[in-house]
Every structure is written in C-alpha cells, then in structure tokens.
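K.L.:
Residue numbers for the sequence shown follow the working numbering, so the first one is 1 and each next one is one higher.
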Amino acid sequence: MRDWKRLTGTVADVDVEWDVPASRLNTFRVGGTVRCVAHPRTEGSLKNLLKALKAEGLPWSILGNGSNVLLPDGVWDHMVVLLDRCSGRLEWPQRDGRSGTVRVGAGMKLAQLLRMCVRHGWSGLEFLAGIPATVGGAVIMNAGTRTGSVEDVLERVRFLDETLDERTATRSELSMGYRSGGIPGGAVVLEAEFRVVAEHPRLIAQKIAGLMRERHRSQPWRWPSAGCVFKNPPGRSAGALIDQAGFKGYRVGDAEVSLLHANWIVNRGRATRDDVLCVIRTVRDGVRDRFGVDLELEVRVLE
Ligand SMILES: Cc1cc2nc3c(=O)[nH]c(=O)nc-3n(C[C@H](O)[C@H](O)[C@H](O)COP(=O)(O)OP(=O)(O)OC[C@H]3O[C@@H](n4cnc5c(N)ncnc54)[C@H](O)[C@@H]3O)c2cc1C
C-alpha cells in the first residue's frame, strides 16, 4: 500500500476520504474500493496536491461524475481527485445583452447548469439535457447528441497543462472531434465558456422536457450504465451493428447488452467490471467477425 496519508498531510485545504466504494464514483455502479478520494477546496490546493502527487510519482485520476468510466474491481491503490468543492462557480453574460458567454467551473454538473439556464433565461445548451456529466467531463469528451455537441457552443477553456501551468485555449485552438475535446493529454480542465442567447425560460424548459422524453423512450434509464459504450464507426451506428450481430440481451453475470438500445450495457444488479469487460470483448469480436468493423470504445477503462 502507498503512503497516501503522509502525502495528503502535506497539502492544505484538501478534504480526503479513505477506502471509498467505487460504485459511488461511477454511474455504472461497478468497481471495488478506491483507496483515496481527494476534494481540493480551492484551485490553489488542487494545484499543490497535483504537484505533490507528481513529485512522489503517485498514480491519480481526475473524475467528473464518473459517467463514462469503468473503475477497477478489488482495491485500487490510487487517488481519485474530484473538483466538486473547488470548481463549481458560474458567471452569466451582461443582463442587457441578447447573447454572450456563460463561464462555468469544471466541477459543476450539467443538470445544475441547465436548471440555472432555465431560471436565468439563457438558451443554447439544451442539447446537453440528460447527459449526467460535469462540465469538465463534457468538455474532455466533447459530449453531445444528434442535436449538438460541446464543440458547437464552446468559446474558451481554462486548464492546467501537464506541467501544471495554467493555460487558456479558444475553441479554434483545440482540434475537437467526435467524442474528443482536443484538450492536451494530462491536462485538468478548470473552467469553460459557452455561447448562449437570451430566451424565455418557458421555451427553454419545454425544449429540455422534449429531449428528456425522447431519451426516456429510446434509452434504458432504469438500470445503471455509462450510456453508449462504443463510438459510432464513420457513417454507421454501433447500436445497429451490435443488434444485427444478435447481441441484444447478451449477458455475463449482471452485465447485459440492453434490449432497448444495443450500444448500452446495463448493470442489472451486481455486475463487476470484469463482467462488463467480458461483454465488451465478446460484442467487439462478434461485430468484427460478422461485419469486419472494429468498434472503438467510448467508455474509458481506468487502470
Ligand atoms: C445515462 C447516460 C447517458 C449518457 N448520454 C450521453 C450522451 O447523450 N452524449 C454523450 O456524449 N455522452 C453521454 N454519456 C456519457 C457521459 O455522460 C459523457 O461521456 C460525459 O462527458 C462524461 O462526463 P463525466 O463528468 O461523467 O466524466 P467522467 O466519466 O468522470 O470522466 C470521463 C473522462 O474525462 C476525464 N475528466 C473528467 N473531468 C475532467 C477534468 N475536469 N479535467 C480533465 N479530465 C477530466 C476523466 O479523467 C475521464 O478520462 C451518457 C452517460 C450515461 C450514464
């Protein structure tokens, strides 16, 4: 076991939890125990913590809402760093403007951001409705749907680069693509700015409600999951390929290819990460054998 207590004792303004069930940290509700979960209370303490981790060569990962990750089974001798206590602020455009940018901390959940957009009458981010992410996770993944992606509304992002220097990049400086935010590897997103336009709160709320109805009709929201498991190959639908290869309902332990949406694996009870990985491997091999298509994972498997 690594000596996390000594390290965390040297950094001020960081709340620490020990031996946290991984199921609390990801929407799949799988995984074992995470040795150490840190919540820096300020950007300064976040930076000091990461500096100390790097100096000691200790393994760490930033997590948002854990809605696109598979965490290890067993004891994970690792530090998960959450931005929920240091990066949740929000700044609106000027009141008299018809359009502008909202500046939002990476630790804020999209659901909260959207509630505030409705209350303050700012439109443009409705396409994010139902994506159970933080702002940071949504930027890293360039999250989106057929109705829009983060890249369509992102104006600017502030982040710590790999050497922990603070940097700002405009949308045009990032090579964003399908489910890829183009943020340099190893960077930590601190804040994003999104374009919004003034709109009547009732119209924004109606649009969000319509998108949520459509989601609940076509996606298996009853069971824990990480949403789509594979990226869509160019010009094709991963879900359709998996369905046509006969995998709907395919199950290992409690991990099951959803009957409603074949690109979702759902946790029907006590699925382990190994169960999910086993389903992933079998589906991938089956689709390759049947259609000659290599499905690429959208979900990130953390080691
Ligand atoms: C029910 C459901 C529906 C979904 N629907 C959609 C959808 O419609 N469209 C879509 O695109 N996705 C969807 N997803 C997947 C998921 O919500 C997105 O990929 C989302 O962007 C992940 O955000 P997160 O905050 O949960 O990130 P996490 O899953 O916690 O992390 C994802 C990756 O981002 C990194 N990361 C997170 N925050 C930061 C940060 N601040 N700085 C640096 N790195 C960071 C993590 O290290 C990890 O590598 C869905 C998931 C579920 C469970």
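From the three backbone atoms N, C-alpha and C, an ideal C-beta is built for every residue, glycine too. Predicted, not measured: the structure shown is a model, and the values here were computed from it.
Could you name the residues that DSSP lists as bridge partners for residue 75?
P.N.:
Walking along the sequence shown from the start, residue 75 turns up at place 75. For residue 75, which the question treats as bridged, DSSP gives the partners 33.
K.L.:
Quick one: does the C-beta of residue 65 sit closer than 7 Å to a heavy atom of ligand 1?
P.N.:
The residue given as residue 65 occupies position 65 in the sequence shown. Answer for residue 65: yes, Cβ within range of ligand 1.
K.L.:
I'd like to confirm something about residue 201: is its beta-carbon nearer than 7 Å to some heavy atom of ligand 1, or not?
P.N.:
Walking along the sequence shown from the start, residue 201 turns up at place 201. No; taking the cut-off as 7 Å, the Cβ of residue 201 has no heavy atom of ligand 1 nearer than that.
K.L.:
Please tell me whether residue 125 and residue 106 are closer than 8 Å, where the distance is taken between their beta carbons.
P.N.:
Position 125 of the sequence shown, counted from the start, is the residue given in the question as residue 125. Position 106 of the sequence shown, counted from the start, is the residue given in the question as residue 106. Cβ distance not < 8 Å, so residue 125 and residue 106 don't count as in contact.
K.L.:
Tell me the DSSP secondary structure of residue 199 in three-state form.
P.N.:
Residue numbering aside, residue 199 sits at position 199 when the sequence shown is read from its first letter. It is coil, neither helix nor strand.
K.L.:
CB-CB under 6 Å to residue 283, same chain, minus the five flanking residues each way: which ones, in chain order?
P.N.:
Start at 1 with the first residue of the sequence shown, and residue 283 comes out as number 283. The residues are 242 and 247.
K.L.:
Could you have a look at residue 191 and say whether DSSP puts it in helix, strand or coil?
P.N.:
As a position in the sequence shown, residue 191 is number 191, starting the count at 1. It is a strand residue.
K.L.:
Please list, in chain order, all residues of the same chain as residue 118 whose beta carbon is under 6 Å from its beta carbon, the five residues on each side excluded.
P.N.:
Numbered from 1 along the sequence shown, position 118 holds the residue referred to as residue 118. So the list reads 201, 204 and 205, once near-sequence residues are dropped.
K.L.:
By the three-class DSSP mapping on this structure, what secondary structure does residue 83 have?
P.N.:
Position 83 of the sequence shown holds residue 83. The answer is coil: DSSP assigns residue 83 none of H, G, I, E or B.
K.L.:
Please classify residue 18 as buried or exposed, where buried requires at least 16 neighbouring CB atoms within 10 angstroms.
P.N.:
Stepping through the sequence shown from its first residue, residue 18 is reached at position 18. The residue is exposed, with fewer than 16 neighbouring Cβ atoms inside 10 Å.
K.L.:
Less than 8 Å separating the beta-carbons of residue 115 and residue 85?
P.N.:
What you label residue 115 is simply residue 115 of the sequence shown in a count that begins at 1. What you label residue 85 is simply residue 85 of the sequence shown in a count that begins at 1. Not a contact, by the Cβ cut-off of 8 Å.
K.L.:
Go through its chain and collect everything with a Cβ distance to residue 215's Cβ below 6 Å, but skip five positions before and after it.
P.N.:
As a working note, residue 215 is residue 215 in the sequence shown. Here the set comprises 130.
K.L.:
Pull up the CB-CB distance for residue 144 and residue 135, whole angstroms please, since I reckon it's below 8 Å.
P.N.:
Counted from its first residue, the sequence shown places residue 144 at position 144. Counted from its first residue, the sequence shown places residue 135 at position 135. Going by Cβ atoms, the distance from residue 144 to residue 135 rounds to 14 Å, so no, they are not a contact pair.
K.L.:
Are the beta-carbon atoms of residue 194 and residue 257 separated by less than 8 Å?
P.N.:
Walking along the sequence shown from the start, residue 194 turns up at place 194. Walking along the sequence shown from the start, residue 257 turns up at place 257. Taking the C-beta atoms as reference points, residue 257 is found no nearer than 8 Å to residue 194.
K.L.:
What does the Cβ neighbour count give for residue 3, buried or exposed, with the cut at 16 atoms within 10 Å?
P.N.:
To locate residue 3, count along the sequence shown from 1; it is residue 3. Counting Cβ neighbours within 10 Å, residue 3 comes out exposed, since fewer than 16 surround it.
K.L.:
If you follow the alpha helix (DSSP H) that residue 142 is in, where does it begin and where does it stop?
P.N.:
For the purposes of this step, residue 142 is taken as the residue at position 142 of the sequence shown. No alpha helix (DSSP H) holds residue 142; DSSP gives it neither H nor E.
K.L.:
Per DSSP, which one or two residues make a beta bridge with residue 267?
P.N.:
As a first step, residue 267 must be located in the sequence shown, where it is residue number 267. According to DSSP, residue pairing for residue 267 in a beta bridge involves 255.
K.L.:
Helix, strand or coil: which one does DSSP assign to residue 9?
P.N.:
Translated into the one-based positions of the sequence shown, residue 9 becomes position 9. It is helical.
K.L.:
Nearer than 7 Å: is that true of the beta carbon of residue 61 relative to any heavy atom of ligand 1?
P.N.:
Indexing the sequence shown from 1 puts residue 61 at position 61. In this structure, residue 61 has its beta carbon less than 7 Å from a heavy atom of ligand 1.
K.L.:
In whole angstroms, what separates the C-alpha of residue 163 from that of residue 223?
P.N.:
Working through the sequence shown from its first residue, we reach residue 163 at position 163. Working through the sequence shown from its first residue, we reach residue 223 at position 223. Approximately 39 Å, taken between the alpha carbons.
K.L.:
Taking contact to mean 3 or more Cβ pairs, one atom from each stretch, closer than 8 Å, check whether the stretch 34–48 and the stretch 64–82 are in contact.
P.N.:
yes
K.L.:
Going residue by residue through the stretch 85–126, where are the continuous beta strand (DSSP E) segments of at least 3 residues, counting only ones entirely within it?
P.N.:
99–105
K.L.:
Take residue 98 and list the residues in its own chain whose beta-carbon comes closer than 6 Å to its own, dropping the five residues that flank it on each side.
P.N.:
Numbered from its first residue, the sequence shown carries residue 98 at position 98. Cβ neighbours of residue 98 beyond the five flanking positions: 198.
K.L.:
If you draw a straight line from the alpha carbon of residue 272 to that of residue 230, how long is it in whole angstroms?
P.N.:
In the sequence shown, counting from the first residue as 1, residue 272 sits at position 272. In the sequence shown, counting from the first residue as 1, residue 230 sits at position 230. Residue 272 and residue 230: Cα-Cα distance of roughly 19 Å.
K.L.:
Can you tell me the Cβ-Cβ gap for residue 232 and residue 238, rounded? I've got them flagged as a contact below 8 Å.
P.N.:
For the purposes of this step, residue 232 is taken as the residue at position 232 of the sequence shown. For the purposes of this step, residue 238 is taken as the residue at position 238 of the sequence shown. Their Cβ separation, rounded to whole angstroms, is 5 Å, which keeps residue 232 and residue 238 in contact under 8 Å.
K.L.:
Considering just the uninterrupted stretch of the beta strand (DSSP E) at residue 225, what are its terminal residues?
P.N.:
Here residue 225 corresponds to residue number 225 of the sequence shown, with the count starting at 1. Counting along the chain, the beta strand (DSSP E) containing residue 225 begins and ends at 225–228.
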